[in-house]
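Report on one structure; see the data block that follows.
Numbering (my numbering), first residue to last: 222 to 359.
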């Protein structure tokens, strides 16, 4: 079993808030992340797949194909977007890094695992250089 990781990058805005809470309560809980005018991050995304190396190619998966999957199913949907307003797979969800990581995993699982013997192992998302979330599936 080998693990291969692809790093990608995107920029997106979001706001952490709950409609049913007052502005003061949102500020107390979420701090500057509750800014009514949004705020953004330069996200770094690490997608790890696993499986057995194919002897004919020496690959688990062609990394150009993995890049295309990530771009089609994630980067094009998130880059320079407002996560709260513009991203259908995040509709109705809090735009936290944790839930975004799970959402990205769910976007990638089927297209990656359409390749025989290739499995999505994890998605790790860095919101800042110091803060990240990692999801391994259910």
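Backbone N, C-alpha and C define an ideal beta-carbon position, used for all residues, glycine too.
The C-alpha of residue 348 is placed about 16 Å away from the C-alpha of residue 255. Under the 8 Å Cβ criterion, the stretch 274–284 counts as touching the stretch 326–339, having at least three qualifying pairs. When the five nearest sequence neighbours on each side are left out, the beta carbons in the same chain lying within less than 6 Å of the beta carbon of residue 325 are those of 295, 344, in order along the chain. Membership of residue 247 in any beta strand (DSSP E) is not indicated; the residue belongs instead to the alpha helix (DSSP H) covering 244–251. Residue range 223–235 is occupied by the beta strand (DSSP E) that includes residue 233.
Taking all protein chains shown into account, residue 236 has 16 or more neighbouring C-beta atoms within 10 Å of its C-beta and is therefore buried. For residue 271, the secondary structure class from DSSP, reduced to helix, strand or coil, is strand. Excluding five sequence positions before and after residue 356, the CB atoms of its chain that fall closer than 7 Å to its own CB belong to 322, 323, 326, 343, 344, given in chain order. Look at the stretch 285–337 and you find no whole run of beta strand (DSSP E) that is 3 residues long or longer. In this chain, the beta strand (DSSP E) harbouring residue 347 covers 339–347. For residue 355, the uninterrupted beta strand (DSSP E) run begins and ends at 353–356, by DSSP. The beta carbon of residue 238 sits closer than 6 Å to those of 247, 255, all from its chain and outside the five residues before and after it, given in chain order.
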